[in-house]
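**Q**
Residue numbers (the numbering used here): 219 to 290.
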């Protein structure tokens, strides 16, 4: 028995066995999921020492300012 599935809905793909679903539906779901995995990889930035220095200086400044306010 083949289960009827909407092609914009992945629920049946996850809850039913592939043999119970239409081959075209399974094919489209797999294709969609593979594309999502490939397109959503985290984009890594290269280390920028200048940005690190400016971030560290800003953080140091904020920490000193916070400590000075606490002493008042």
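Even for Gly, the Cβ is constructed at its ideal location relative to N, Cα and C.
All values reported here derive from a predicted model rather than from experimental measurement.
Looking only at its chain, what residues have a beta carbon closer than 8 Å to the beta carbon of residue 236, apart from the 5 residues adjacent to it on each side?
**A** Once the five neighbours on either side are set aside, the close Cβ partners of residue 236 are 244.
**Q** Just checking residue 256 against the ligand ADP - is the residue's beta carbon closer than 8 Å to any of the ligand's heavy atoms?
**A** Although the ligand ADP was asked about, the structure shown includes no ligands whatsoever.
**Q** If I measure Cβ to Cβ from residue 229 and keep anything under 7 Å in the same chain, skipping five residues before and after, which residues do I get?
**A** Closer than 7 Å at Cβ, skipping near neighbours: no residue.
**Q** Considering just the uninterrupted stretch of the alpha helix (DSSP H) at residue 228, what are its terminal residues?
**A** Element bounds for residue 228: n/a, residue is neither H nor E.
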